[in-house]
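Chains as they are written, first to last, in the numbering used here: chain A, 7 to 399; chain B, 7 to 399; chain C, 7 to 399. Data first, discussion second: the structure below is written as structure tokens.
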Amino acid sequence: MIERIKTIAEKNIDNMYLNDFFLTWEKTDDELAAVFEVAQILRGMRDNNISPKVFDSGLAVSLFRDNSTRTRFSFSSACNLLGLTVQDLDEGKSQIAHGETVRETANMVSFLGDVIGIRDDMYLGAGNAYMKEVAKSVQQGYEEKVLPQRPTLVNLQCDIDHPTQTMSDALHLINTFGGLDKLRGKKIAMTWAYSPSYGKPLSVPQGIIGLMTRFGMDVSFAYPEGYNVMDEVVDVAKKNAEQSGGKFEIAGSMEEAFEGADIVYPKSWAPYAVMEQRTGLLRAGDDKGLKDLEKQCLENNKKFVSWECTRDLMNTTRNKNALYMHCLPADITGVSCKQGEVAADVFDQYRVPQYIQAGYKPYVIAAMIFLSKFKHPGDKLMEVVNRGTKRIF
Amino acid sequence: MIERIKTIAEKNIDNMYLNDFFLTWEKTDDELAAVFEVAQILRGMRDNNISPKVFDSGLAVSLFRDNSTRTRFSFSSACNLLGLTVQDLDEGKSQIAHGETVRETANMVSFLGDVIGIRDDMYLGAGNAYMKEVAKSVQQGYEEKVLPQRPTLVNLQCDIDHPTQTMSDALHLINTFGGLDKLRGKKIAMTWAYSPSYGKPLSVPQGIIGLMTRFGMDVSFAYPEGYNVMDEVVDVAKKNAEQSGGKFEIAGSMEEAFEGADIVYPKSWAPYAVMEQRTGLLRAGDDKGLKDLEKQCLENNKKFVSWECTRDLMNTTRNKNALYMHCLPADITGVSCKQGEVAADVFDQYRVPQYIQAGYKPYVIAAMIFLSKFKHPGDKLMEVVNRGTKRIF
Amino acid sequence: MIERIKTIAEKNIDNMYLNDFFLTWEKTDDELAAVFEVAQILRGMRDNNISPKVFDSGLAVSLFRDNSTRTRFSFSSACNLLGLTVQDLDEGKSQIAHGETVRETANMVSFLGDVIGIRDDMYLGAGNAYMKEVAKSVQQGYEEKVLPQRPTLVNLQCDIDHPTQTMSDALHLINTFGGLDKLRGKKIAMTWAYSPSYGKPLSVPQGIIGLMTRFGMDVSFAYPEGYNVMDEVVDVAKKNAEQSGGKFEIAGSMEEAFEGADIVYPKSWAPYAVMEQRTGLLRAGDDKGLKDLEKQCLENNKKFVSWECTRDLMNTTRNKNALYMHCLPADITGVSCKQGEVAADVFDQYRVPQYIQAGYKPYVIAAMIFLSKFKHPGDKLMEVVNRGTKRIF
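Below, the structure written as structure tokens:
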């Protein structure tokens, strides 16, 4: 652990101090690497009964505009580990409806707030924009001396990216393959998969192609006709692959993407065009329109029931043994639905690694917070180790 | 307090370490005695401004599938006292609906979870089974190295038992009568009482007959025809009485049960057969069926309005002065309803003891958690005393 | 800060120990001054990274019977700063509906409760009365040895006063004008203003005239015919003004009140008579009646759209430069509504001071709690400073 802590000082991460975490592609390689390292260090501390609590008090504001179990508990766990108390902003129980500006709300909840975590993935073009506005508002509040500290914004999933998920996914790969450098040249298939539900966000596939192309990986992206994602993110993936010496290709089928893959990530999502339409209908409060759209989409999805991660498909991957990944919960054929994203036997084989994958999220979030709160995070981690406070007395 | 702490070391409680608390009759006499002792010690510490905080961080997951005030606040208080932060799993705000397995949810919320508290008392045959499945899931997760610690499950009321309630009730008796050994031979009347509501769980009467028969008490159980409870628990009570040298009898009337009693616990519940029917209707989402069942039950209840704890009945108890108990809230005649479980003057006479009875619950829960988290709980308690951290600075 | 702390010892504040905070006019001048001083001290500590945590554990119970963002986060922040954990009493998820007495609920949630914060402003004649009953109940519970400590009640807004708001407002004035003594002779215009909503509580205007008359200020109170507030509070304001050597007058118009004012506080509220009618309808659950009343009130409000805080009106204040105040959120013309309480340019000019005004509330609440929990609060603050625990490690 001490060796790991020493590597933090070598990284160029000054820009993380008092800064936010929105999209992985807005961060440098050193910054991403620092998140991975600090996450591992914090995990190591807790596993060794060393408490990394660095706040004696302080609030972490959470705002979930969509359901959440995994991310909610990960955020709570991360904040609790560092000593922050989560106060949820429940828009139903607040006075916000009533025409209040984002700037005002953002400041009003942040007087003693060190962190703001937001999930806002329902409206295309809105979630990330909203988070940026909140961050700008608290930055302004800090400069105007309204706020005694600059709360850090952590993107807990927006319409563009889901960085706490994809960074956890990457950390899982790092630990599975033995290091960040070991990912170079590995083939990952990020593919669409059939699900009997509709309206699933694009943030995971977008986040995966935007992040995994950073590490020199060979990223193969496949989806049925019409299920494309945001063009901007595809451009990011292309550019990343070029810069990192990896590959990014859009494959014509699940089969093509899986062929020889080291890692597969088959997951359902809604077509970008549908998400745009849905955004309009949600905004208009058009329930009839939403119902119709849902029906039409589910019908369309059905054309692609063959996009399922089966044993046969897995047998086409490297050594018939690619690492299967999912952000969970998965639609498992015969378990959570009649016909879904993945065959039950494939899911079961990889159940434990998937749970381990999910278990990185609290530490990734804690690392993002930690890195934004201390100018010299390596020194601070060393102080924490030397302090030696036990987590359990 | 030091004397009390020393007695902990003498008890055979190794099996409590990293274990759960489901039903009192699954625990040995030593284990129950340890809960009572540790509860008293923790209470003594707090009353003397000694903080028993033993967690510097850590989550306690709560899941309430039924309304709760007393138990919710008791659980929060217990966790807070020990240093854990409660994160509620609100199934309405999570993605659980969506076909996720119990095993998956249980692991996903437990990465940094030390405790899981569950209330699930609505479905006969389901609540306790669900808790066992959660416990099995996190045990598996721990063994598979998905979870860095084994969260302890605390039953906050199931379809079978309500151990945090009945253990608090027993602690109240211990303190009222001067010791656990003083309960031997005392007569307790656990009886049904009339209430203008329906569908009240069976867990309290079942829990009381299953627990009080452990201490050599003379347990008299009475209810109107048809209002019987689970046969399995009646069998447990019979076996317990035999082993402890006490008595267990099913009396034919409230009058018979109250006659010469030292303690009375008159409380409404729904007939087992009705709870079974209700479980089916709830599962089927049959609102009309539920309404009809409710109407029919309320009608049936009315035949037994005379099952009320009145002054006249109290006058038939030992020295006209039995200790009246209730798990609260009670249906008080002329106060919370027109005609209910207890006359207002009887309730008022025992109001303060009842509130004191309720006040043991936070400490009983804290003791259950404490005993599952430390291999040598006596030594740990001594360390806490010696540390001497003040609760209020 | 040390100088400030020393002044605490000079104040006669013995009566605050183990006491509640309901209405500012129930407190002595010394007691109000102590709240201001302690709030500033706690703020100073936090700004200097000194943690004022004085509770190692303990619950703060919150009960919000009306929506809240600002006050909810302020209460959470205050409790967190001092080391208390908020447990919300959500009446929808509890068993309270069911006829339980206030005394019982109050005791049941307070076994490990140090503070109870309540917002109850919807029913005229009820909110404050409810709080008093809760306070009486826990006092009785403490005396009966049901509760090991006496929880402090903090009024987070009732039908009569909103003391955490008005004390924050006053602290803002103290810091803006350079001291409590500097407020003497300053003219403050507390006026009604038009809003396209109805049913806004009377607690802010009542609280402001009841508090600002304490400091020798010249309080000018204006509202359209029929929009009067509680007579009792007007009497309090008159008496206060007399005793403090200030003035209290009811002006005939916004213009008259603003003329030469140093401070203006234009804000909408519902007429007292309407609130009384509404209370009856809410109690009766008369939805049709409530709708009709709302319609009729909105119609009536419209007669007074000219009651808007415009630039022209501001130009009639002292040096055209009065301090504009609002408890937020304000109804801003062209921003949050078509026509509202204040012109957008006026609001914008004072946006930052208003946010700063709102930022005092966490510290005011923390000060109220602190002063009720320590017999010698000055000594305790000195101990906290000397301890020197950092808020951020």
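Virtual Cβ for every residue (Gly too), placed ideally from N, Cα, C.
In chain order, what residues of the same chain have a beta carbon less than 7 Å from the beta carbon of I362 (chain B), not counting five sequence neighbours either side?
H178
Spell out whether any CB of chain A is found under 8 Å from the CB atom of G232 (chain C).
no
Boundaries (first-last residue) of the alpha helix (DSSP H) holding S201 (chain C)
Here S201 (chain C) belongs to no alpha helix (DSSP H), and DSSP marks it neither H nor E.
Identified DSSP bridge partners for P277 (chain A)
Beta-bridge pairing links P277 (chain A) to no other residue.
In this structure, what does DSSP give as the bridge partners for Y271 (chain C)?
C:M196
Could you give the first and the last residue of the continuous beta strand (DSSP E) run that contains T13 (chain A)?
Segment 8-15 is the alpha helix (DSSP H) holding T13 (chain A); no beta strand (DSSP E) there.
DSSP on V125 (chain A), reduced to helix/strand/coil?
Residue identity check: residue 125 (chain A) is Arg in the sequence provided, not Val. Three-state result, R125 (chain A): strand.
Cβ-based neighbour list, I371 (chain C), same chain, cut-off 7 Å, excluding 5 preceding and 5 following:
S80, F81, A84, V160, T170
For chain C, check one thing: does any of its Cβ atoms lie closer than 8 Å to the Cβ of L48 (chain B)?
no
Taking 8 Å as the threshold (beta carbon to beta carbon), is S174 (chain A) in contact with chain B?
no
For G89 (chain B), would you say it is in contact with chain C, using Cβ-to-Cβ distances shorter than 8 Å as the test?
yes
Which ranges does the alpha helix (DSSP H) cover as unbroken runs of at least 4 residues, wholly within the segment 297-370 of chain B, from first to last along the chain?
317-320, 350-355, 357-364
Tell me the residue span of the alpha helix (DSSP H) that contains A243 (chain C).
237-250
When Cβ atoms are compared, which residues of the segment 357-374 of chain C fall closer than 7 Å to chain A?
V358, Y361, I362, A364, G365, P368
Cβ shell of A195 (chain A) (< 6 Å), same chain only, five flanking positions each side left out
S226, A263, F264, A267, V270
Can the beta-carbon of R125 (chain C) be found less than 8 Å from the beta-carbon of D165 (chain C)?
no
Taking 8 Å as the CB-CB cut-off, is T118 (chain A) touching chain C?
The question names Thr, but residue 118 (chain A) in the sequence shown is Leu. Interface residue, yes.
Under 8 Å between C-beta atoms of P2 (chain B) and W313 (chain B)
The first residue shown for chain B is 7 and the last is 399, placing residue 2 (chain B) beyond what the model contains.
Going along the chain, which residues of its own chain have a beta-carbon closer than 6 Å to the beta-carbon of D237 (chain B), five neighbours each way excluded?
none
Using a Cβ-Cβ cut-off of 8 Å, state whether N113 (chain B) counts as contacting chain A.
yes
Going by the beta-carbon positions, is the gap between V108 (chain C) and P157 (chain C) smaller than 8 Å?
no
Run through the DSSP bridge pairs and tell me what A66 (chain B) is partnered with.
B:V92, B:V121
Taking DSSP as the reference, what is the three-state secondary structure of N18 (chain C)?
coil
Under 8 Å between the Cβ atoms of K138 (chain B) and T395 (chain B)?
no
Give the single residue among C:L130, C:E261, C:F117 whose Cα lies nearest to the Cα of V144 (chain C).
C:F117
Neighbouring residues, chain B, relative to D167 (chain C) (Cβ below 7 Å):
Within 7 Å Cβ-Cβ: nothing; D167 (chain C) doesn't reach chain B, min ~28 Å.
So, helix, strand or coil for I166 (chain B), using DSSP?
coil
Minimum Cβ-Cβ distance from D127 (chain B) to chain C less than 8 Å:
no
If you draw a straight line from the C-alpha of V140 (chain C) to the C-alpha of G147 (chain C), how long is it?
10 Å
Could one say the Cβ of P157 (chain C) lies closer than 8 Å to chain B's Cβ atoms, at least one of them?
no
Where does Q249 (chain B) land, buried or exposed, given buried means 16+ other C-beta within 10 angstroms?
exposed
For the alpha helix (DSSP H) containing S143 (chain A), list its first residue and its last residue.
133-149
Can you grab the Cα-Cα spacing for the pair T30 (chain C) / F376 (chain C), in whole Å?
17 Å
Who does E110 (chain A) pair with in a DSSP beta bridge?
None, per the DSSP bridge assignment.
How should E347 (chain A) be labelled, buried or exposed, when 16 other C-beta atoms within 10 angstroms of its C-beta is the threshold for buried?
buried
Nearest-angstrom Cα separation, counted from S57 (chain B) out to L299 (chain B)
50 Å
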